[in-house]
Amino acid sequence: MIHYLFKIESFIPYACRKTVYDIDYNKLYEQGKRILLMDLDNTLLPYDKEYPDSELKSLFRRIKDIGFTVIIMSNNVEARVKTFAEAVECDYVYSALKPLKRGYQKALKKLVHYDHREIICIGDQLLTDVLGSSRLGLKCILVKPIMKKSEKWYTKFNRTMESQILKRLKKKYPNVYKQIIALEE
Ligand SMILES: [Mg+2]
């Protein structure tokens, strides 16, 4: 299985939060973070929604007011990613093919200036978001997936592999394991 090709350390999130609303963006800014690479599906939106609601829109306004540059980075198709990104007035990368490096490199090219230490990724999957970020030397905050029922087959496949990654984490990094599992509670 693909995840055995990677060190278990590649799957350790920077932090675990239930939702994007539970992230302390002011604190991240104080820590020197300036750029957020945000996953779309199940991180910001369930699959059955296309547009951000007013709560999500105001979260984006708040994040940008703090001073962050946000790029939506999704493995989904252009139409969906573009629709959302335009609604929250952010740049975006579609068909990112996370955990491959290409999408991240595309996102980084959109930035005039950046330092790797200023970037925080946010996503709901160990196998795409956390692994992909690690491969670029970036940190990723893991959130609980918004909705699991409508997941596409490849996401379900990833979840099966995730349970195997979790077993490996449990053995070697029980505290990290506990934090990830706590998201489900
Ligand atoms: Mg996702």
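The number in our numbering is simply the position in the sequence shown, starting from 1, with 1 added.
The C-beta atom is built at its ideal place from N, Cα and C for all residues, glycine as well.
The model shown is predicted, which means the values in this text are computed figures rather than measured ones.
With DSSP run on the structure shown, which of helix, strand or coil describes residue i?
i      : result
Leu41  : coil
Ile24  : coil
Leu29  : helix
Leu184 : coil
Leu46  : strand
His117 : helix
Ala97  : coil
Lys8   : coil
Val78  : coil
Met162 : helix
Glu51  : coil
Tyr174 : coil
If residue i and residue j are in contact, beta carbons under 8 Å, what's the gap, nearest whole angstrom?
i      : j      : result
Ile166 : Phe12  : 5 Å
Val177 : Leu170 : 5 Å
Phe61  : Val89  : 4 Å
Cys141 : Asp130 : 5 Å
Arg35  : Glu119 : 4 Å
Leu38  : Ala108 : 6 Å
Leu41  : Val94  : Incorrect: roughly 10 Å between the Cβ atoms, too far for contact.
Leu139 : His117 : 6 Å
Gly133 : Lys99  : 4 Å
Give me whichever residues DSSP pairs with residue i in a beta bridge.
i      : result
Gly124 : Leu143
Thr72  : For clarity, residue 72 is Ile in the given sequence; the question names Thr instead. Its beta-bridge partners are Leu38, Asp92.
Following the continuous alpha helix (DSSP H) through residue i, name the residue where it begins and the one where it ends.
i      : result
Tyr93  : Where Tyr93 is concerned, there is no enclosing alpha helix (DSSP H), although the beta strand (DSSP E) it sits in stretches over 92-94.
Lys107 : 103-110
Glu56  : 55-67
Gly133 : 132-136
Hey, is residue i close to ligand 1, as in C-beta under 6 Å from one of its heavy atoms?
i      : result
Asp40  : yes
Asp49  : no
Asn43  : yes
Asp66  : no
Asp23  : no
Asp54  : no
Asp116 : no
Asp92  : no
Please report the residue range of the beta strand (DSSP E) in which residue i lies.
i     : result
Arg18 : 16-18
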